[in-house]
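Here is the structure we will look at.
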Amino acid sequence: MELLKSAISSVLPLVANRIIEHLEYPFMARCNIRALESATRELQAIKEDVKTEITNAQWENSAPSNQAREWLSQVEAIENEATEIQHKYQQLCRCVWNISPNFYAIYKISRSAAKKQVEVKNLCDKKATIEVIIQMPPPLAHEMPASSSISPNFREALHYVKDDVHGIIGIWGMGGVGKTHLLKQINNELSNGLAFNCVVFVTCSKECYEEKVQNEIIDNLRLDKNGTMKQKQSTIYNFLRERSFVILLDDLWNRVDLETIGIPDPLRTIGTCRRKVVLTTRSTEVCGQMEVKKRIRVDVLNEDDAWSLFKEKVTACGNYQFRPTDTKICIGCCKGIGWIAISSYYYR
């Protein structure tokens with residue numbers, strides 16, 4: 471009997487406390503909602519700091535960890551749940567003194583707010599235990615031999631390559647005006663930077679098809695060459711989907727299906743990943759077939775650029791005294807056939 475009394479005396483306070491706690495919920499609704507709002511604002515501030523850290527890290531050859539991705543996903547979910555609780559409370563409290571006559575409904579909302587506040591605070595504390603940024607391997611990119619002269623379209627093209635809007639960029643113009651030279655300059659500029667994890671240069675030429683592009687990408691990225699075309703598609707896709715990349719397709723004469731190749735879609739900035747394809751072609755129709763978002767036309771050089779380019783290349787090979795007649799002859803040649811004549815002379 472004494473044992474029973476002792477058990478009852480120890481249990482009763484716990485039961486009483488639980489009953490009191492539940493009875494308080496309807497009267498503590500406003501307090502619990504405000505506490506939830508405050509905790510949610512704190513969580514949102516921490517979330518923005520994490521996102522800023524991730525954004526800054528992409529320029530330092532780093533990437534968000536899986537823990538950080540999962541934490542951000544949990545934050546988004548709990549923010550939505552907290553907003554829903556606050557909305558329900560506002561819908562109920564449309565009476566005098568902001569007190570709802572529906573005590574059971576306000577009880578449930580108050581209890582939900584109190585429990586959600588604890589979850590929000592736990593998520594705030596969890597941030598201190600996760601590693602937000604992980605170091606990525608060195609960028610997969612290779613510099614290519616190219617003239618040091620800057621193409622007139624270089625800055626414009628590089629601007630669109632680095633923005634967050636244009637996924638597919640088309641560089642077009644007649645043969646010999648410097649499209650390949652411009653693409654090599656872009657390749658070399660990005661290879662020296664940290665904006666992209668991998669930069670892949672593919673020479674397409676006539677009769678280009680998806681498997682040819684696949685094989686060049688796989689060779690560049692040193693991926694598994696074995697398997698069917700479908701398996702290669704999966705190999706490329708799985709490698710690129712969590713990375714920032716640029717695929718440079720040079721001298722494209724016909725449409726190739728990027729999805730069949732394995733290039734992830736959509737092509738733009740997704741979260742912290744930049745996805746870009748830059749192609750060169752002689753035909754604006756190919757730009758249309760490839761659904762190019764930004765077209766850059768490369769024309770023959772103007773007189774000043776042609777003469778400056780010629781002088782740079784000639785004097786690079788030794789001292790040369792220019793005669794008055796040289797100017798007209800050289801400008802005529804350089805304007806008409808762009809970079810080909812100069813490059814051929816320079817690299818012979």
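Here our numbering is used: the first residue of the sequence shown is 471, the next is one more, and so on.
For glycine and all other residues, C-beta sits at the position ideal for the given N, C-alpha and C.
Keep in mind it's a predicted model, so treat the numbers as computed, not measured.
Those residues which DSSP pairs with residue i across a bridge
i       : result
Asp-720 : Thr-673
Gly-640 : Leu-749 and Arg-765
Ser-532 : Gln-605
Ile-740 : Cys-743
Cys-594 : Paired residue(s): none; Cys-594 is not in a bridge.
Cys-678 : Answer by DSSP bridge pairing: none, since Cys-678 is not bridged.
Nearest-angstrom beta carbon gap, residue j and residue i [assumed within contact, 8 Å]
i       : j       : result
Leu-593 : Val-545 : 6 Å
Leu-718 : Val-672 : 7 Å
Leu-513 : Val-590 : 5 Å
Ile-603 : Ile-524 : 7 Å
Thr-739 : Ala-533 : Incorrect: roughly 14 Å between the Cβ atoms, too far for contact.
Sequence-distant residues of the same chain with beta carbon closer than 8 Å to residue i, five excluded per side
i       : result
Ser-661 : Pro-609, Ala-611, His-612, Glu-613 and Val-669
Leu-652 : Ser-621, Asn-623, Phe-624, Ala-627, Ile-641, Thr-750 and Val-768
Ile-688 : Asp-694, Lys-695, Lys-702, Thr-705 and Ile-706
Val-683 : Val-672, Cys-674, Leu-719, Val-726 and Ile-731
Phe-573 : Pro-496
Neighbourhood of residue i by C-beta, 7 Å cutoff - its chain only, sequence neighbours within 5 removed
i       : result
Cys-678 : Leu-722, Trp-723, Asn-724 and Val-726
Ser-582 : Ile-555
Glu-729 : Asp-735
Ile-810 : Low confidence applies to Ile-810: its pLDDT is 46, below 50, so where it sits in the model is not reliable, and the reading given next is rough at best. Within the same chain, Ile-810 has close Cβ partners Gly-646.
Short Cβ contact (7 Å threshold) for residue i with residue j
i       : j       : result
Ile-731 : Glu-680 : yes
Pro-496 : Ile-576 : yes
Ile-656 : Val-747 : no
Val-768 : Lys-649 : yes
Ile-503 : Tyr-559 : yes
Asn-658 : Arg-713 : no
Arg-745 : Cys-757 : no
Leu-506 : Lys-586 : yes
Thr-510 : Ala-538 : no
Same chain only: Cβ atoms within 6 Å of residue i, ignoring 5 sequence neighbours per side
i       : result
Glu-554 : none
Ala-477 : Residue placement at Ala-477 is poorly supported in this model, since its pLDDT is 49, which falls under 50; the coordinates still yield a value, given next. If we look at Ala-477 and ignore the five residues flanking it on each side, it has no Cβ neighbours.
Val-762 : Ile-638 and Gly-640
Per the contact definition of three or more C-beta pairs closer than 8 Å, is the stretch 743-763 in contact with the stretch 642-656? yes
Inter-stretch contact (C-beta, 8 Å, three-pair minimum) for the stretch 621-635 and the stretch 694-703: no
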